[in-house]
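Residue numbers (the working numbering), protein chains in the order written: chain A, 23 to 267; chain B, 23 to 267; chain C, 23 to 267; chain D, 23 to 267; chain E, 23 to 267; chain F, 23 to 267. What follows is one structure encoded as structure tokens, with my remarks underneath.
Number of protein chains: 6
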Amino acid sequence: MVSMNDIPLVYNENTLVVVAHPDDAESFCGGTIAKIVQRGNHITVVICTNGDRGSHDRQIRPSDLVHVRQKEQDQARKILGVEEVIWLGYRDGELSSIGDLRERIIRLIRQKQPSIILTFDPWKHYEFHPDHRAVGFVTGEARMLADLPWICPEFTMEGLLPWHIPELYLFSPQEPNYWVDISSTIELKVKSRLVHCSQNDFIQCDDDRQSFIGEIKARAQETGKACGCAYAEAFYKVDRTELWI
Amino acid sequence: MVSMNDIPLVYNENTLVVVAHPDDAESFCGGTIAKIVQRGNHITVVICTNGDRGSHDRQIRPSDLVHVRQKEQDQARKILGVEEVIWLGYRDGELSSIGDLRERIIRLIRQKQPSIILTFDPWKHYEFHPDHRAVGFVTGEARMLADLPWICPEFTMEGLLPWHIPELYLFSPQEPNYWVDISSTIELKVKSRLVHCSQNDFIQCDDDRQSFIGEIKARAQETGKACGCAYAEAFYKVDRTELWI
Amino acid sequence: MVSMNDIPLVYNENTLVVVAHPDDAESFCGGTIAKIVQRGNHITVVICTNGDRGSHDRQIRPSDLVHVRQKEQDQARKILGVEEVIWLGYRDGELSSIGDLRERIIRLIRQKQPSIILTFDPWKHYEFHPDHRAVGFVTGEARMLADLPWICPEFTMEGLLPWHIPELYLFSPQEPNYWVDISSTIELKVKSRLVHCSQNDFIQCDDDRQSFIGEIKARAQETGKACGCAYAEAFYKVDRTELWI
Amino acid sequence: MVSMNDIPLVYNENTLVVVAHPDDAESFCGGTIAKIVQRGNHITVVICTNGDRGSHDRQIRPSDLVHVRQKEQDQARKILGVEEVIWLGYRDGELSSIGDLRERIIRLIRQKQPSIILTFDPWKHYEFHPDHRAVGFVTGEARMLADLPWICPEFTMEGLLPWHIPELYLFSPQEPNYWVDISSTIELKVKSRLVHCSQNDFIQCDDDRQSFIGEIKARAQETGKACGCAYAEAFYKVDRTELWI
Amino acid sequence: MVSMNDIPLVYNENTLVVVAHPDDAESFCGGTIAKIVQRGNHITVVICTNGDRGSHDRQIRPSDLVHVRQKEQDQARKILGVEEVIWLGYRDGELSSIGDLRERIIRLIRQKQPSIILTFDPWKHYEFHPDHRAVGFVTGEARMLADLPWICPEFTMEGLLPWHIPELYLFSPQEPNYWVDISSTIELKVKSRLVHCSQNDFIQCDDDRQSFIGEIKARAQETGKACGCAYAEAFYKVDRTELWI
Amino acid sequence: MVSMNDIPLVYNENTLVVVAHPDDAESFCGGTIAKIVQRGNHITVVICTNGDRGSHDRQIRPSDLVHVRQKEQDQARKILGVEEVIWLGYRDGELSSIGDLRERIIRLIRQKQPSIILTFDPWKHYEFHPDHRAVGFVTGEARMLADLPWICPEFTMEGLLPWHIPELYLFSPQEPNYWVDISSTIELKVKSRLVHCSQNDFIQCDDDRQSFIGEIKARAQETGKACGCAYAEAFYKVDRTELWI
């Protein structure tokens, strides 16, 4: 059996979580976020789309859905203790063709100067959502490039200096190598996910709330088995900038 | 040993098979197609390119090759019992840069309202053909998005309503999790592949017909071993829309 | 234990090594290059970018860095016995958006008519450098397409005829299936890598030269263990053009 | 007063008319087309879009409108004596972003080998329709480039040899320098335009048929005044390939 | 001499002014805006860029300049009596490559339902600023297309119905055909332009304020001569939707 | 009659001439170049394409044509006294889709710091060559933007500071407002044009050399009539950076 890892060992630092849609952060790493917050870190969640097409309901207009989801996200933010949510505002489903997404993440990295960063694993097999893959690749590249002064020279000239982020954690990993015990925060994770009411019809389980809660917990339990604890979230941790020798 | 799966349990339903080139359907899932047909299902094969560059012969002109391949495909169609072939007509080798491919597949999904859909596994390692990867990604995304009313709102406004396809089967899979016993249809598969005469010089075996037949059967046998039958085709079956919790 | 492979069995032939940056060839397959040279083969290293942003030093200007790296690469070339280096000259970090990169590699393949070709494995998990993935995909596709007369018809019309490369070796492989014993050339590899002085601050080990040398050797030793020799480099060898049956 | 020109002096030759939408040919040069036909020339009208969005009627679906307009165009074709209509099938309003439009026109020029070609004047001030400008530029460029063997080398290799079109006539011209007396064909022009019933609500005159007829004639009369005849259509005639000294 | 036109005959209606940068509205049609306001109309100025690169000063950062210019624009807005300013927020100098600009203007047209619209004349010779040409073309096209239900079907589905704008006025016209007497508002125009202090070093006249004022007035006087009044602004007025017969 | 202008009043300064193809500079402003040289100025001709498709001869390969044209251009350079020719090397006919052309011209402007710049008038009616229009627009924009520090911040950071070019001359002008008397350099112009032997079959006059010479002189004479001298070249002179009030 794999030995369990602790949560990332950062205290009083900035953490960046980069996701595609409102509810991604809660779904994929909500338990870990709550633990990082408890150690006194400042967390910024960057949400690349506005989530405007995420509904099966033909009656709700995209522009209205955006407002609904902002409110839901704000509730979730408070539940987990996230200090700040930044919306990049791109349309749902179009991230893979956004030319300046990488630059915007690089700018945020240089502004926030985080110690760790969390995002999607873009190599996850059978993850068909193009926004998820796009965010994973772009964020990983942004982390690598943010440290070079001649990438985005405008930022350097503006005084946003190169910044090195030692550790990158990829959630929903293809090859997990790091587990966080979320037994103490599983209830927060569930609660923060449930407030995204507009999204609950996407869940493929019985309609009632209890079976959905059960499903979330079951997945965290299954992950927990891999590392010997009640509930866990898994990651692939990257702690070298490059593979280049 | 993995237990063998049956073929998808659909009767008298529509099935969509989305491939890149004429001969892909026969090569990758011809045996399975024949079995699905035998259950009374209606199969539509969507071929995204016209296959115009698929020849080592400098003397044959691309515009002529297109006609040759249409005739070959029509023969193959009849052998397998496929009811309809739809040609999207893009040029061979260029699918990864076609901006409206996804929309066209979404339209077809809403028009045909299939119960299952088959396409390439875009995560297959060492699959260098860019058209194969493109078709796999685009089709998987189209299946996911076809169910949302605000994706391609023009279609919704035209009366082509959102459609949910419960099951997606990826052939040539990176991580097979589903096998179809094609022992009863292996001869149809071989025959349907052989009529693509223009493509036979791509096969890397002895020139004569027998060795080619042998090679096709050998691969199906090898796959059969994984699931305990004489001949099989392997798939990765996706039966949830999203991975999103 | 996996049995060790020899080096590719080519003598007095052309070999193409396609990389993204100066220092990639030395880092990823320098030991193998030296062995191929020793068998009397002619090696051309194609470097797609000019490496102009590869520095943490804000004081060095990109246009000056280009010259520094050309000199470093020329030293490395001589150490390994590489006959020719071709610079495509694209900017560092932008390869994934270069529309004509594939065409240029196809032209080079038809001009040089190599027997084998080496490049990145674009499926390597957690390889975040977009240039590395781009070079791997583009080169693998170019190898496949260079053999078709109606791809790049201008080249065919110019007299650059279709060319088939029987063997492709992908370095930094996701699924290694081929190992080269570089015990006799490990010192050349180290030496050729060390002359890329401008890049040494990217190495995450102690600053001094000895620990860097140690790191290079440690990785080659680890690879060697997989195949039973002192030092090795690993590859995924592709020796069929297509997976297409 | 400017002296009147005759119609282009071609007999028993091919003529290409390249337009954006069904009804463009009739509206802009219908009278001239009828006269060219009367001299025994063979006319091919190339319509780049399918006209699918050309309606104020929310109830008619784009895919149905396409069929309506094909029938209308076929009636118009017969009235004017046009032998052939070729539909390129792009969507209405998107021509300016179609990457391969120029290539397709070059191919048609080499296939049809016309003596003269008619299209939009892309320099017409206050012509806001992006499809009209796109067709004018692309067709003029295609005429210039169709004569060069290394443009579209695939066509040359296929046996579609370079072709020089001595004369280009731009209708709806910014700087008219050529007028065709259409007094003998004005009724054909009117009739051919009227059969495009789906488009008649775009005409900004009284709803009844007579006032529309009056408007068409009034414009032809006004043009006629510039050259001393009852009814005329105006052009800018280009009879040199290049301005290049 | 050309007879003078009045200002557009609209009362208590919405007017849309679409420009590229803060200060464009004041510079090109500030006097006309003030007159339209005086007739009780509601004016919305849409500014496509944020003006972030519009400075010769290397010390001011683009992100700071944006804030400076917003304040300047707000002052100008109040001077002219403009009710609302909408910022689209694109970067200065990049409008010609913004794919969704036209859609955003169409949305605004359908939301605001204006009676008249003012923008750049994109045919103005020797206007080298690519943003000015882009805004002119895109806005003219948006006006034409906003009236078609199958353009931007999402908007139609959301309830933003097609809207016809009878009159379009192009300022800085290549072929003026409409003049507005701004003698009563010339001082407001000057004042509203002067508050854009960050832009005053672009003015090529003596540095002091008086000579700049003189230059603005001189140009309005020169325009006034063409139509027989003290001060005027010139336009090309388009009052047909199409040129299409 | 318009009064004749002298040549631009610059002595011992740098001049940039930006063209699309070898032979453009000689054809459009060769006489003016020779006069500018005689005043002791240093001229750099920037040729954006390599001219690889500029031949009716199917036997000559594009890659060979490039070399032929470089030799021809070098002869022409010496005849006119041009000090330096810079080749950007893009393919003939593709300039309008080159994303970084503007940046490269801006870099050259900041490096060479010219007092005047000459290029195509992109508004010239009936100039169908897309490369000519592209060079005209891009160069005019580059001149405008080269003076702003936050455009191409990398250049600024490298020490290539903003540079203002007071005067821009557009040759082959739509609205000539400036004429240069080239009576003393007409023979140099003719001679420099004649050495581009590979291009002479594009000239539409009798094949022999004399009639071609006659044609060049006839055009210069016609231009000369407009300004009262024997031979002239015409320009549109732009001496304000912006039209922006």
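Every residue gets a Cβ at the ideal spot worked out from N, C-alpha and C, and that includes glycine. All figures in this text were calculated on a predicted structure; none of them were measured in a lab.
Using alpha carbons as the reference points, say which of the options lies closest to residue i.
{"i": "Glu255(B)", "options": "Gln232(B), Pro198(B), Thr161(B) and Lys213(B)", "result": "Pro198(B)"}
{"i": "Ser49(D)", "options": "Asp203(D), Ile208(D), Ala156(D) and His89(D)", "result": "Ile208(D)"}
{"i": "Glu180(D)", "options": "Gln81(B), Ala164(B) and Gln221(B)", "result": "Gln81(B)"}
{"i": "Gly76(D)", "options": "Leu123(D), Ile139(D) and Tyr112(D)", "result": "Tyr112(D)"}
{"i": "Ala164(A)", "options": "Gln95(A), Gly236(A), Pro184(A) and Ala56(A)", "result": "Pro184(A)"}
{"i": "Tyr253(B)", "options": "Ser206(B), Leu117(B), Asp261(B) and Gln95(B)", "result": "Ser206(B)"}
{"i": "Leu117(C)", "options": "Gln196(C), Ile204(C), His43(C) and Ile138(C)", "result": "His43(C)"}
{"i": "Glu176(E)", "options": "Pro152(E), Leu102(E), Arg132(E) and Val41(E)", "result": "Arg132(E)"}
{"i": "Asp169(C)", "options": "Ala47(C), Arg262(C) and Tyr33(C)", "result": "Arg262(C)"}
{"i": "Ile138(E)", "options": "Thr245(E), Phe150(E) and Asn36(E)", "result": "Asn36(E)"}
{"i": "Asn34(E)", "options": "Gln135(E), Val40(E) and Val90(E)", "result": "Gln135(E)"}
{"i": "Arg126(A)", "options": "Ile173(A), His89(A), Leu87(A) and Pro84(A)", "result": "Ile173(A)"}
{"i": "Leu182(C)", "options": "Lys57(F), Pro84(F), His78(F) and Gly250(F)", "result": "Pro84(F)"}
Please classify residue i: is it buried, with 16 or more other beta-carbons within 10 angstroms of its beta-carbon, or exposed?
{"i": "Gly62(A)", "result": "exposed"}
{"i": "Leu167(D)", "result": "buried"}
{"i": "Ser21(E)", "result": "Any question about residue 21(E) goes unanswered here, given that chain E covers just 23 to 267."}
{"i": "Gln60(E)", "result": "exposed"}
{"i": "Asp114(B)", "result": "buried"}
{"i": "Lys247(C)", "result": "exposed"}
{"i": "Ile31(C)", "result": "What sits at residue 31(C) in the sequence shown is Leu, not Ile. Exposed."}
{"i": "Ala156(C)", "result": "buried"}
{"i": "Ser220(F)", "result": "buried"}
{"i": "Tyr268(B)", "result": "Only positions 23 to 267 of chain B appear in the structure, and residue 268(B) is not among them; the question remains open."}
{"i": "Ser194(F)", "result": "buried"}
{"i": "Gly73(D)", "result": "buried"}
{"i": "Asp203(B)", "result": "buried"}
Cα separation between residue i and residue j?
{"i": "Phe257(A)", "j": "Leu38(C)", "result": "38 Å"}
{"i": "Asp45(B)", "j": "Arg215(B)", "result": "6 Å"}
{"i": "Tyr191(F)", "j": "Lys259(F)", "result": "5 Å"}
{"i": "Lys100(C)", "j": "Gly53(C)", "result": "14 Å"}
{"i": "Gln97(B)", "j": "Ile55(A)", "result": "58 Å"}
{"i": "Arg124(C)", "j": "Gln243(D)", "result": "57 Å"}
{"i": "Ala240(E)", "j": "Thr71(F)", "result": "44 Å"}
{"i": "Pro188(F)", "j": "Pro171(E)", "result": "49 Å"}
{"i": "Asn222(D)", "j": "Val212(D)", "result": "12 Å"}
{"i": "His218(F)", "j": "Glu94(F)", "result": "5 Å"}
{"i": "Asp28(E)", "j": "Ala47(E)", "result": "19 Å"}
{"i": "Glu149(D)", "j": "His154(B)", "result": "43 Å"}
Is it true that the stretch 158-169 of chain F meets the stretch 134-147 of chain F, where meeting means three or more beta-carbon pairs spaced less than 8 Å apart?
A contact between stretches requires three or more CB pairs, one per stretch, nearer than 8 Å, and the stretch 158-169 of chain F meets this requirement with the stretch 134-147 of chain F.
Quick check on the DSSP output: what are the complete beta strand (DSSP E) runs of length 3 or more inside the stretch 147-195 of chain F, in order along the chain?
Taking only runs of at least 3 residues, the beta strand (DSSP E) segments lying wholly in the stretch 147-195 of chain F are 189-193.
Counting Cβ pairs closer than 8 Å, one from the stretch 103-119 of chain C and one from the stretch 62-77 of chain C, do we hit at least three?
Counting C-beta pairs with one atom in each stretch, the stretch 103-119 of chain C and the stretch 62-77 of chain C have three or more that are closer than 8 Å, which means they touch.
Length-filtered (3 minimum) beta strand (DSSP E) runs lying within the stretch 61-90 of chain D
Taking only runs of at least 3 residues, the beta strand (DSSP E) segments lying wholly in the stretch 61-90 of chain D are 64-71.
Could you tell me which uninterrupted alpha helix (DSSP H) segments, each at least 4 residues in length, are contained entirely in the stretch 35-62 of chain F, listed from first to last along the chain?
Taken in chain order, the complete alpha helix (DSSP H) segments of 4 residues or longer contained in the stretch 35-62 of chain F are 46-60.
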